[in-house]
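S.K.: If you scroll down you'll find the structure; I have some questions about it.
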Amino acid sequence: MPHVTLLPSPSPIAFIGGGNMARSLIAGMIRQGAPSTSICVIEPIAALRDALIADFNIKAVTTATEAATDTSTWVLAVKPQVMPDVCATLPLPVQPNTPLVISIAAGITTCKLKHWLGDTCAIVRAMPNTPALLGAGVTGLFTTSQTTGTQRTIAEELFNSVGKTLWITEEALMDAVTAVSGSGPAYAFLLAEAMETAAIMQGLSTANARTLVQQTLLGAARMMTESGETPAALRHRVTSPHGTTEAAITTFQENDFQALVAKAIDAATRRARALGKINDTDPT
């Protein structure tokens with residue numbers, strides 16, 4: 001991952017929610033030189049607050065009203081189901097500069113966020129994934145025309161600190177981003193789980209099966225990211241006619257593997273869309 005440097009923040013950044021994704025973003029910010037004194041987390045669970053303070057030496061409080069009064073960047077790191085209540089408690093400052101609100105909640109549109117927060121905010125939707133915990137994530141970003149170039153950069157650099165970022169031009173596609181990359185690590189884990197089980201059924205020990213599967217998936221991921229070739233091209237290269245790989249690939253294809261993957265991602269996309277309708281008070 002290339003080195004990035006967060007822009008100097010003119011005022012503190014506040015995270016609403018102190019779970020795993022907030023932790024990974026905070027760790028990334030501090031790695032890239034952001035002062036811990038510029039970061040505040042609003043988290044009602046005492047154990048999480050204490051861990052954040054101990055690990056990062058940041059400010060952690062129980063309510064949003066305890067955050068700095070000049071906070072101009074808010075990261076909403078909470079579940080979609082509680083987003084309306086969270087937005088209702090957000091003490092957005094009355095100031096000349098439009099505050100930036102970054103939401104990582106699946107399915108919650110910018111239209112709904114504006115409905116809950118008012119039109120005084122610049123809003124960025126972000127969909128990171130759990131490899132951000134290792135600095136190896138990917139985040140899809142979407143924003144509206146109200147967001148300034150500086151605010152776009154702040155959002156981009158925040159997520160660059162934990163992996164790669166890309167901007168999505170149509171907000172409706174954020175549900176697909178959620179389905180592909182947001183949920184995607186679980187698909188890889190499911191494949192790994194199935195491969196491990198199959199390896200054990202073939203007589204390998206659990207430890208050996210796990211090592212073989214882990215290193216195979218890691219190596220394959222590196223080949224995809226470093227070779228510049230498509231997954232299809234890489235697959236064809238290692239699939240010799242009438243060989244062992246072809247026997248396995250043929251079995252996958254005969255059982256509609258690609259159709260099953262497409263069906264699963266469609267289900268996740270539709271679920272992301274449905275999450276946005278929970279507690280929906282706005283017909284849009």
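For the record, in the sequence shown the residue sitting at position 67 is 67 according to our numbering, with numbers rising by one throughout.
We put the CB at the ideal spot given by N, CA and C, even for glycine.
Mapping the DSSP letters down to three states, classify Gly33 as helix, strand or coil.
M.R.: Translated into positions along the sequence shown, residue 33 becomes position 33. In the structure shown, Gly33 sits in coil (DSSP, three-state: anything other than H, G, I, E or B).
S.K.: Considering Cα atoms alone, identify which of Val180, Gly17 and Ala22 is closest to Leu288.
M.R.: Here the chain has residues from 1 to 284 only, and residue 288 is not among them.
S.K.: Take Lys59 and list the residues in its own chain whose beta-carbon comes closer than 6 Å to its own, dropping the five residues that flank it on each side.
M.R.: Counting from 1 along the sequence shown, the entry for residue 59 is found at position 59. Excluding positions up to five away in sequence, the list reads Cys40.
S.K.: Could you spell out the range, first to last residue, of the beta strand (DSSP E) harbouring Gly163?
M.R.: As a position in the sequence shown, residue 163 is number 163, starting the count at 1. It spans Gly163 to Trp167 - the beta strand (DSSP E) in which Gly163 sits, taken as one unbroken run.
S.K.: Rounded C-beta distance between Leu133 and Asn20? I'm assuming under 8 Å.
M.R.: Within the sequence shown, numbered from 1, the residue matching residue 133 stands at position 133. Within the sequence shown, numbered from 1, the residue matching residue 20 stands at position 20. Yes, they are in contact, since the Cβ atoms of Leu133 and Asn20 sit about 6 Å apart, within 8 Å.
S.K.: Would you kindly work out how many angstroms separate the C-alpha atoms of Leu218 and Gly137, rounded to a whole number?
M.R.: In the sequence shown, counting from the first residue as 1, residue 218 sits at position 218. In the sequence shown, counting from the first residue as 1, residue 137 sits at position 137. The alpha-carbon atoms of Leu218 and Gly137 are separated by roughly 14 Å.
S.K.: Counting along the chain, where does the alpha helix (DSSP H) carrying Ile265 start and finish?
M.R.: If you number the sequence shown from 1, residue 265 lands on position 265. It spans Phe257 to Leu275 - the alpha helix (DSSP H) in which Ile265 sits, taken as one unbroken run.
S.K.: Output the residue ranges of the beta strand (DSSP E) runs that lie fully inside the region 188–269 and measure 3 residues or longer, sorted by chain position.
M.R.: Segments of the beta strand (DSSP E) lying fully in the region 188–269: there are none.
S.K.: Would DSSP call Cys121 helix, strand or coil?
M.R.: Residue numbering aside, residue 121 sits at position 121 when the sequence shown is read from its first letter. Looking at Cys121 - three-state DSSP - the assignment turns out to be coil, as it is neither helix nor strand.
S.K.: Looking only at C-alpha atoms, which of Val61, Ile108 and Ser181 sits nearest to Cys87?
M.R.: Residue mapping note: residue 87 aligns to position 87 of the sequence shown, counting from 1. Per the Cα distances, Ile108.
S.K.: Just to confirm the assignment, what range does the alpha helix (DSSP H) spanning Val86 have?
M.R.: Locating residue 86 in the sequence shown gives position 86, where the first residue counts as 1. Looking at the DSSP string, the run of the alpha helix (DSSP H) that includes Val86 is Met83 to Thr89.
S.K.: Give me the Cβ distance between Ile42 and Val61, rounded to the nearest whole Å; I'm assuming they're in contact under 8 Å.
M.R.: Residue mapping note: residue 42 aligns to position 42 of the sequence shown, counting from 1. Residue mapping note: residue 61 aligns to position 61 of the sequence shown, counting from 1. 6 Å between Cβ atoms; contact.
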